[in-house]
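Worksheet for the structure shown next.
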Amino acid sequence: MKTKNHLFRIPCPNQCSTKNFPRCQLKNHLDTECLKQEISCPFNDCGCEYRGYRAAFVQHMKESSDSHLSLAGKTISIQKQLIKLYEERSNEQKIYIDLLSRKVNALEKTYGAQYIWRIDNYHEKFQEAHTNKKPTLYSPRFLTSRHGYFLGLSICLFGDGKAKGKYVSLFICIHRGDYDALLSWPFSHRVTFTLLDQNEDVNNRRHLNCSVKPNVCKENNPFLDRPIAERNASFGCPRFAELDAMTKCNYVKDDAIFIKVELDSEEMINI
């Protein structure tokens, strides 16, 4: 009858005094018993370079107790310094993270609360509005915050309705957005439109402003309620700027104008 492989008796590979033992006990023998197995000092991580037979290990520990204590003391001192350094760095990181968090919160509030629309080829587009070829221009849509209202501007460079031929008309409308379910309705935040003066002398710039505070009432639901269709009706400033004023100051420069829109974000929900 054949002997099972793991029970097959073998001699110690280090040729120690232990008699043959089952193969399955080899690892335990070398790790804990064999006097001729080379082992490292447990203070190796502290700097002790001893490596020798297990038989001499006890003697090494007795003879090196003072040096081991010294190495352990140095190691503990170094570890304390490292811990202090890591704590300082951790505190610095916490301060930095807190600073970044405040900046992110500030950016969240102003993410889209201020938007500037550049309109190029002004004179050509004014003529298209004048001839009714293209009376209205539309801006790219923008968000009031990363998860805020989805808005868009429209401008009639030759005016709209009763303001036609006399004023530039400027409007804003609420588009259906991905986060509408999280926002407060109806929309009630003050909107300020600004035609930016491009005078190179910053101190002499005379921007043109117009503010609109939505009047929350049933009659204005088509403008201010949560959009059901792709977009709501537009509201804003039909008499935003006199046509004659467009040629004054430096509102038009290099055939371009800049329209800035700002929203009062103080009462907006911080999602």
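When you line the sequence shown up against UniProt numbering, it's residues 1 to 271, in that order. Yeah, the Cβ is synthetic: ideal placement off N, Cα and C, and Gly gets one too.
Helix or strand or just coil, what does DSSP make of residue i?
i      : result
Val104 : helix
Val252 : coil
Leu30  : helix
Ile95  : helix
Pro139 : Residue identity check: residue 139 is Ser in the sequence provided, not Pro. Here Ser139 sits in coil by DSSP.
Val58  : helix
Thr144 : coil
Phe150 : strand
Gly47  : coil
Gly159 : coil
Ile259 : strand
Phe193 : strand
Phe8   : coil
Glu38  : strand
Gln114 : strand
Pro222 : helix
Phe126 : helix
Ile119 : strand
Would you kindly report the start and end of the unbroken alpha helix (DSSP H) that includes residue i?
i      : result
Glu200 : From DSSP, Glu200 is part of no alpha helix (DSSP H); its letter is neither H nor E.
Ala241 : No alpha helix (DSSP H) holds Ala241; the beta strand (DSSP E) holding it covers 235-242.
Tyr167 : Premise fails: Tyr167 lies in the beta strand (DSSP E), 167-175, not in any alpha helix (DSSP H).
Tyr179 : Looking at the DSSP string, Tyr179 is not in any alpha helix (DSSP H), and its letter there is neither H nor E.
Would you decide whether residue i is buried or exposed? Buried here means 16 or more other CB atoms lie within 10 Å of its CB.
i      : result
Pro238 : buried
His123 : exposed
Gln37  : buried
Lys80  : exposed
Tyr115 : buried
Val58  : exposed
Val191 : buried
Cys217 : exposed
What residue range does the beta strand (DSSP E) around residue i cover?
i      : result
Glu266 : No beta strand (DSSP E) contains Glu266, which DSSP labels as neither H nor E.
Asn209 : 208-212
Requested in this report: Decide yes or no for the touch test of the segment 147-160 against the segment 197-205: beta carbon pairs closer than 8 Å, at least 3 of them.
Outcome: no
Query raised in the report: Is the segment 221-228 in contact with the segment 136-145, if contact means three or more CB pairs nearer than 8 Å?
Result: no
Query raised in the report: Is the segment 65-81 close to the segment 32-47, with three or more CB pairs under 8 Å?
Result: yes
Query raised in the report: Is the number of C-beta pairs between the segment 127-137 and the segment 245-253 that are closer than 8 Å three or more?
Result: no
Report task. Examine the Cβ distances between the segment 259-267 and the segment 191-198 and report whether three or more of them are shorter than 8 Å. Result -> yes
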